[in-house]
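Chemist: Shown below is the structure under consideration.
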Amino acid sequence: MKRWQSIRMKVLMFGLLMTFVPLSLISIYYFTDMAQYIEQSSVEQQNLELENLSNDIYRDIEAAQRELELLVSLERTSGEAGVFYDILKNHQAFTEIVWLSEDGQIEERYARYTLNEEADSSRWAEDEQWQEEGNSSFSEVRFDDFGQPYMQITVTDSETNRKAGASLQLQKLIGQVASYRISDQASMYLENQGGQVIAHQDYSQLWQEKDTTDYDNPLIFKTDVEPLDWTLSIEQPENEMLAPLYSMMQQGGLAAAVLIFTGSIISVFAGLSFVKPIEYLQRRINAVKAGEWPERMAVGRQDEFGELTYAFNTMSETIQEKEQWLQQEKERLNIVVNSMDAGLAVIRKDFSIAWMNPTLENWLGRQADVPCFQLFNDRSSPCYSCPLSPETPFDKMDEQLFKTDENGRQRIYRHRVYPLEHTLEENEEALIVMEDITEEKEMEEKLIQTDKLSALGLMASSFAHEVNNPLASVQVYSEDLSDRLSEEGTELIANGEAQHYMNVIRKNIDRCKEITTNLLNFSRKSQWDMRELSVEQVLDESLSLMNYALKKQGTSVEKHCVDNLPHIYGDPLKLSQVFVNLIQNALDAMEEQKNPLLTLALTKGHDGVTITVQDNGSGISAEQIPKLFDPFYTSKPTGKGTGLGLSVCYGIVQQMSGTLTVESEEGKGTTFFVNLPA
Amino acid sequence: MKMLIAMAVLLTAAISAFIWTSAEDDPVYEISVLASEEDRLKKIDGVVDGLHDLGYTEQEYRLNVFQPEPETTLAAAAEQAADAEPDVILSLGGVESQELAEMLHNRSVELPVVFAGMAAPVQTGMIETFEEPQGLFTGISNHQRTLSAKRVELFADLIPSMERIILLYNENIDISRRSLAEAEAAAEQLGIEVTGFDVGMETDYEALADIVDTNTGVMTLPSYIIESKTEEWVQFSNEQEVPLMGIHEFEVEAGFLAAYGTSFYEQGLQAARPLSLILQGNEPEDIPAELPDVVTFYKNDQAFDNWRGKMNSDIARFAESVQSEGEEE
């Protein structure tokens, strides 16, 4: 495992990313949003400042205008001063109010600072350009004897043509504009309708036309002051206006960096605290993998890692115990496998041999590179029923094979193959069990032969009677022929009677020959001879052998055979032995039966032929049935049975891939079913 | 691992400290305030409100008040005000401004001074002209010298039956003498008989009473000595049953019949403008001195009732009624 692939590095990277990425994104979003907000707020604030101050100026001018309009609209007598004083009281910006004649001469004058009596008869308004606004006129900005700026307003009543005027001091207005502090660098200035600066923070710029800006790259905000057509402006260096933004970004950036760094450190430590027990656990697991058994790990934590450590300790102990158990089991298994007579081998999917036990090695030699079918069967292809073959329908294999040993003796092996279930698909394996059954087969043959001899013994008197009868006929005919030949001579030959005698004799001799032939055939010790045969024919020959015994016991025989009974594949002599045994057992069971009846039926079975042998004898108890096919078990009286009959029958039928089953009811009879595959 | 933790803590602390120190503090303007008497401290209220109206927060400036203690002089207070190395000195009256001018001249120190109300800044040499002060001083003139003429006119118009006005002044005070001249000129123009009476340091009330008769009014002229004897003038007025005309609102509150002038608060409020201009980098010589924005005519209705004279109702509409001290509306 590369270092960067370790969980430690992944946790560290995860911690860093989960801190850096979200905080960076949040910071970027925050800064962007705040930048827009601050810039927008600054602009709005400057505009708001302008609007407020502009509105203040407008309200002062408008209020003065309204007061004068009200004054000229009033009906008053000359010298009535109260209304003038009211206006002066209410409007501190008015330094004087005058009542004018239609031609603009001062008729009455009320001043705030000076004596009212200073009025002269000259025109109140100086000759200059006045700005007309409805029925009002506004002079340019002037300065009084004290250098104080003021403006004159005249209002004419459109109906009565009465005129009034007022001097409006501007020092407060101008001073407020000039001294208003927006920021350290921002400046506010007021321009009149001619573009001259009439108020500015920098007094050196007063009464000049504003043709340059106060700063490089300034942001300029302007608003008009109605109705004077003045312009109120704010100039502010862009850097200063955005200074809060820069400051915020600087401090915010550093704060974000600190947060990211701190968060990363915390994440790294948190990650390492998670990784550390995992790495410790990994080292312990590697130690276990290397075959070491470390001591129990201390369970110091109360969290999932603590539980994991506890579980690992438990698992480690369990594995240790199971490994020891497995070692014991393996040792036992080795002893069993190595000492057993059967040969064992494990083969892979490609039929190569993965393992074989010493017994099999002793039989076949250690040839690891040879496919099993060459090693066991000397074949060029897998066995037909091998479950490892790709197209085989069989899930296991059980067959016999023959090999000649080093002494030239042919040996019989039982060859079984069992697929192993718990294997990986690519290495599918099967267990081969090879058993040397040569001696077992020889013993079976001996048993069969013994059983056959036993049957022959039982049939000996029957054979004698069977043979004796034709022989007696032969004797009688031959003696009578001899006598007549001596008496009648050639006449006997000529009339053909001698021929008749000879035919009878020969017929009886043929009968004897047939009987002895059958007997010889039955008693012949033969190897298995598997071939196609007719079950009915074998059954008939068997009945023939038992004919005398059946007759002697007065047993009625019923035989039923369906048409077109198929031939089967088997050994006729062995099958005859089975039938003889079954008929003999039926006869024994019906000894006490007054009307013994043997019913033989040949029917087509599921995949072959079913032979039913039924008697109406004494039957077999339920307790005896399970032991019926055991060798040397007999229910017959001592000396009457060897206990091998049914056991041999079972072996023969099984050898022919058939089945032998029994149904019996005590006192009513027994039925044997022989199923043989076609 | 411990080393790593320690490094992380140190780095965090360093960056935090950097952030903390990088935050620029806004400058705090130091303003020394020189006051000759307690009453004039009311101007400071106006200054504070004015600076607030002009966009200053209280955290941006500091007003350090210097005034003579019982054992010290105004000159000493002026020196202390300069020693504080302020950005600007705020003078609360004419006498304070004259003291500061002398002190700055003697010490050859150039500190901008804003006067919050003085009677004749040009005449006393504080400034060259209102338009171009040309010096270390600028500020608000309370216009009291000029207004002395207007006050004679208003006083005479308010009480039509009055035949003579006694003008109280102080011969030792320059502005007081100048105001007397202004008032006398106005009286002559208006055809009003006036008599000047020097109150001196210790006023001879008997002498003053001797020249008071029926249809006589008394009007005070600018003088800090006269201002300091407000209660005595009220008592004299009540005893002699003569109408009394003053300058300040507090005099009307004390029992004067009427007064015409600008209040201490208004002077302070207006002085905030030149203060702001200086704090923003202008020189005093470039900032025109101003006349008062607000000049108010005050009258004490109770005093009128006590006096039982007849008042011109037209002029009375110009006046703002003021209650006597301790009197509930």
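From first to last, the protein sequence lines stand for chains R and E. Heads up, the first sequence is in numbering that gives the first Met the number 0, so the first residue is 0 and it goes up one at a time. Heads up, the second sequence is in numbering that gives the first Met the number 0, so the first residue is 0 and it goes up one at a time. Beta carbons are placed, not taken as given, at the ideal position from N, Cα and C, and that holds for glycine.
What residues in the region 63 to 92 of chain E have a beta carbon less than 9 Å from any beta carbon of chain R?
Modeler: none
Chemist: Suppose the cutoff is 8 Å on Cβ atoms and the five residues either side in sequence are ignored; what does the same chain contact list for residue 410 of chain R look like?
Modeler: Stepping through the first sequence from its first residue, residue 410 of chain R is reached at position 411. Cβ within range, chain order: 401, 402, 403, 404, 435, 437.
Chemist: Please specify which runs of the alpha helix (DSSP H), each continuous and at least 4 residues long, are wholly inside the region 247 to 272 of chain R, giving them in chain order.
Modeler: Qualifying alpha helix (DSSP H) stretches: none in this window.
Chemist: Measure the C-alpha to C-alpha separation of residue 203 of chain E and residue 238 of chain E and round it to an integer number of angstroms.
Modeler: Along the second sequence, one-based indexing puts residue 203 of chain E at 204. Along the second sequence, one-based indexing puts residue 238 of chain E at 239. For residue 203 of chain E and residue 238 of chain E, the distance between alpha carbons rounds to 15 Å.
Chemist: Excluding the five sequence neighbours on either side, which residues of its own chain have a C-beta within less than 6 Å of the C-beta of residue 277 of chain E, listed in chain order?
Modeler: Working through the second sequence from its first residue, we reach residue 277 of chain E at position 278. These residues qualify, in order along the chain: 87, 111.
Chemist: Quick one: give me the first and last residue of the beta strand (DSSP E) that residue 615 of chain R is part of.
Modeler: Residue mapping note: residue 615 of chain R aligns to position 616 of the first sequence, counting from 1. Note, residue 615 of chain R: premise wrong, no beta strand (DSSP E); not H, not E.
Chemist: Going along the chain, which unbroken runs of the alpha helix (DSSP H) with 4 or more residues stay wholly within the region 456 to 509 of chain R?
Modeler: 489 to 493
Chemist: Is it right to say residue 328 of chain E is buried, meaning 16 or more other beta carbons lie within 10 angstroms of its own, or is it exposed?
Modeler: Here residue 328 of chain E corresponds to residue number 329 of the second sequence, with the count starting at 1. Low local confidence applies: a pLDDT of 42 at residue 328 of chain E is under 50, so the model's placement there is unreliable, with the coordinate-based value given in what follows. The C-beta of residue 328 of chain E has fewer than 16 other C-beta atoms within 10 Å across all chains shown, which makes the residue exposed.
Chemist: Mapping DSSP to helix, strand and coil, what is residue 650 of chain R?
Modeler: If you number the first sequence from 1, residue 650 of chain R lands on position 651. In the structure shown, residue 650 of chain R sits in a helix (DSSP, three-state: H, G or I).
Chemist: Between residue 140 of chain E and chain R, is the shortest Cβ-Cβ distance under 9 Å, so that the two count as touching?
Modeler: Position 141 of the second sequence holds residue 140 of chain E. Under the Cβ distance rule, residue 140 of chain E counts among the residues neighbouring chain R, one pair being separated by less than 9 Å.
Chemist: Say whether chain R places a C-beta atom closer than 9 Å to the C-beta of residue 303 of chain E.
Modeler: Reading the second sequence from its first residue, position 304 is the one you call residue 303 of chain E. Residue 303 of chain E is outside the set of residues whose beta carbon lies under 9 Å from a beta carbon in chain R.
Chemist: Hey, residue 669 of chain R and residue 585 of chain R: beta-carbon distance below 9 Å or not?
Modeler: The sequence position of residue 669 of chain R within the first sequence is 670, counting from 1. The sequence position of residue 585 of chain R within the first sequence is 586, counting from 1. Closer than 9 Å, so yes.
Chemist: The alpha helix (DSSP H) spanning residue 587 of chain R covers which residue range?
Modeler: By one-based count along the first sequence, residue 587 of chain R stands at place 588. Start and end: 571 to 588.
Chemist: Between the region 550 to 559 of chain R and the region 498 to 517 of chain R, do at least 3 Cβ pairs fall closer than 8 Å?
Modeler: no
Chemist: Classify residue 362 of chain R as helix, strand or coil using the three-state DSSP reduction.
Modeler: By one-based count along the first sequence, residue 362 of chain R stands at place 363. Helix, per DSSP.
Chemist: By DSSP's criteria, residue 560 of chain R is part of a beta bridge. Which residues make up the other side?
Modeler: Mapped onto the first sequence, residue 560 of chain R falls at position 561. Paired residue(s): R:601.
Chemist: Does the CB of residue 319 of chain R have a neighbour CB from chain E at under 9 Å?
Modeler: Locating residue 319 of chain R in the first sequence gives position 320, where the first residue counts as 1. No, because no Cβ of chain E sits closer than 9 Å to the Cβ of residue 319 of chain R.
Chemist: Verify the CB distance criterion: does residue 131 of chain E have a CB-CB separation below 9 Å to chain R?
Modeler: Here the question's residue 131 of chain E lines up with position 132 in the second sequence. With 9 Å as the cut-off, residue 131 of chain E counts as an interface residue toward chain R.
Chemist: Could you tell me if residue 323 of chain R is buried or exposed, where buried requires 16 or more neighbouring beta carbons within 10 angstroms of its beta carbon?
Modeler: As a first step, residue 323 of chain R is located in the first sequence; it is residue number 324 there, counting from the start. Residue 323 of chain R should be labelled exposed.
Chemist: What three-state label does DSSP hand residue 174 of chain R in the structure shown?
Modeler: In the first sequence, counting from the first residue as 1, residue 174 of chain R sits at position 175. Note: residue 174 of chain R maps to helix in three-state DSSP.
Chemist: Could you give the DSSP three-state label for residue 297 of chain E: helix, strand or coil?
Modeler: Working through the second sequence from its first residue, we reach residue 297 of chain E at position 298. The answer is strand: DSSP assigns residue 297 of chain E an E or B state.
Chemist: Residue range of the beta strand (DSSP E) that residue 433 of chain R falls in?
Modeler: On the first sequence, position 434 is the one that residue 433 of chain R refers to. Taken as a continuous stretch (DSSP letters only), the beta strand (DSSP E) holding residue 433 of chain R covers 429 to 435.
Chemist: Between residue 110 of chain R and chain E, is there a C-beta pair that is closer than 9 Å?
Modeler: Along the first sequence, one-based indexing puts residue 110 of chain R at 111. Closer than 9 Å: yes.
Chemist: Please report the distance separating the alpha-carbon of residue 252 of chain R from that of residue 47 of chain E.
Modeler: Translated into positions along the first sequence, residue 252 of chain R becomes position 253. Translated into positions along the second sequence, residue 47 of chain E becomes position 48. Answer to the nearest angstrom: the Cα atoms are 38 Å apart.
Chemist: Select from the region 142 to 161 of chain E all residues with a C-beta closer than 7 Å to any C-beta belonging to chain R, and list them in chain order.
Modeler: 142, 145, 146, 148, 149, 152
Chemist: If you draw a straight line from the alpha carbon of residue 485 of chain R to that of residue 491 of chain R, how long is it in whole angstroms?
Modeler: Mapped onto the first sequence, residue 485 of chain R falls at position 486. Mapped onto the first sequence, residue 491 of chain R falls at position 492. Answer to the nearest angstrom: the Cα atoms are 10 Å apart.
Chemist: Within 9 Å of any Cβ in chain R, is that where the Cβ of residue 286 of chain E sits?
Modeler: Indexing the second sequence from 1 puts residue 286 of chain E at position 287. For residue 286 of chain E, the answer is yes, since a Cβ of chain R falls inside 9 Å of its Cβ.
Chemist: Report buried or exposed for residue 84 of chain R, applying the criterion of at least 16 other Cβ atoms within 10 angstroms of its Cβ.
Modeler: Within the first sequence, numbered from 1, the residue matching residue 84 of chain R stands at position 85. Buried, by the Cβ-count rule.
Chemist: Using only CA atoms, which one of R:183, R:222, R:180 lies nearest to residue 189 of chain R?
Modeler: Here residue 189 of chain R refers to the residue found at position 190 when the first sequence is read from its first residue. Checked all of R:183, R:222, R:180; the closest Cα to residue 189 of chain R is R:222.
Chemist: Compute the Euclidean distance between the alpha carbons of residue 186 of chain E and residue 146 of chain E, then round it to the nearest angstrom.
Modeler: Counted from its first residue, the second sequence places residue 186 of chain E at position 187. Counted from its first residue, the second sequence places residue 146 of chain E at position 147. One Cα belongs to residue 186 of chain E, the other to residue 146 of chain E, and the distance between them is close to 13 Å.
Chemist: Once DSSP output is grouped into helix, strand and coil, what is the label at residue 285 of chain E?
Modeler: Counted from its first residue, the second sequence places residue 285 of chain E at position 286. Three-state result, residue 285 of chain E: helix.
Chemist: At a CB-CB cut-off below 7 Å, which residues of chain E make contact with residue 115 of chain R?
Modeler: Here the question's residue 115 of chain R lines up with position 116 in the first sequence. The answer, in chain order, is 152.
Chemist: Taking DSSP as the reference, what is the three-state secondary structure of residue 230 of chain R?
Modeler: Against the first sequence, residue 230 of chain R aligns to sequence position 231. Correct three-state label for residue 230 of chain R: strand.
Chemist: Let me see if you follow: with CB-CB separation under 9 Å, is residue 311 of chain R close to chain E or not?
Modeler: Mapped onto the first sequence, residue 311 of chain R falls at position 312. No, residue 311 of chain R lies away from the interface with chain E (no Cβ there is under 9 Å from its Cβ).
Chemist: Examine chain E for any beta-carbon lying closer than 9 Å to the beta-carbon of residue 223 of chain R, and answer yes or no.
Modeler: To locate residue 223 of chain R, count along the first sequence from 1; it is residue 224. No - not a single Cβ of chain E is within 9 Å of the one on residue 223 of chain R.
Chemist: Identify the contact partners of residue 181 of chain R in chain E, using a Cβ-Cβ distance below 7 Å as the criterion.
Modeler: Locating residue 181 of chain R in the first sequence gives position 182, where the first residue counts as 1. The contact set of residue 181 of chain R on chain E, defined by CB atoms closer than 7 Å, consists of 54 in chain order.
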